[in-house]
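Here's the structure, in structure tokens; my notes come after.
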Amino acid sequence: MVTCYLRYVIDPTKTAEFEQYAKMWIPLVNKFGGQHNGYFLPSEGANNIALALFTFPSLAEYEAYRIKSFDDEACKAAFKFAEETACIVSYERSFFRPVFE
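Numbering follows full-length UniProt numbering, with no gaps: position 59 of the sequence shown is 59.
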């Protein structure tokens with residue numbers, strides 16, 4: 001199991017656009033076999049940092065999702081929306097493995 005952690009720097013004047021973008025991706029991750037754990041928008045503190053977490057059974061399955069996402073029409077629409085609205089300034093991606101009791 002691998003969890004992808006995305007840390008976004010967003011335009012704080014475009015939080016509503018970023019939220020719309022986030023809502024586009026949640027069902028898409030699930031469609032391709034992942035489990036979306038949610039997006040987290042700024043509340044207190046920094047007004048330009050947002051997070052997303054989603055899990056795939058393996059890194060190989062995550063990589064397969066990434067490849068398929070570039071050919072999927074709904075994914076392309078989400079990528080285009082982010083580009084057109086310029087709601088995302090930058091992002092970084094890291095991967096984690098869970099530890100349970």
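Just so it is clear, CB atoms sit at the ideal spot from N, CA and C, and this is done for glycine as well.
It should be emphasised that the depicted structure is a prediction, and the values quoted were computed from it without experimental measurement.
Listed in chain order, the non-local C-beta contacts of Ile26 below 7 Å within the same chain comprise His36, local neighbours out to five positions each way being set aside. In the DSSP assignment, Ala50 forms a beta bridge with Tyr8. Annotated three-state conformation of Glu101 is coil, per DSSP. DSSP lists Phe56 as the bridge partner or partners of Val2. Cα atoms of Phe96 and Met1: separation of roughly 9 Å, rounded to the nearest angstrom.
Here Lys76 is not near Phe32, since their CB atoms are 7 Å or more apart. Counting of Cβ neighbours within 10 angstroms places Ala50 among the buried residues, the total reaching 16 or more.
Contact between Leu41 and Glu19 holds: CB atoms are separated by about 6 Å, below the 8 Å threshold. Going by DSSP, Phe81 is part of the alpha helix (DSSP H) stretching over 73–85. In terms of CA proximity to Gly45, Pro12 leads the group Glu101, Pro12, Ser94.
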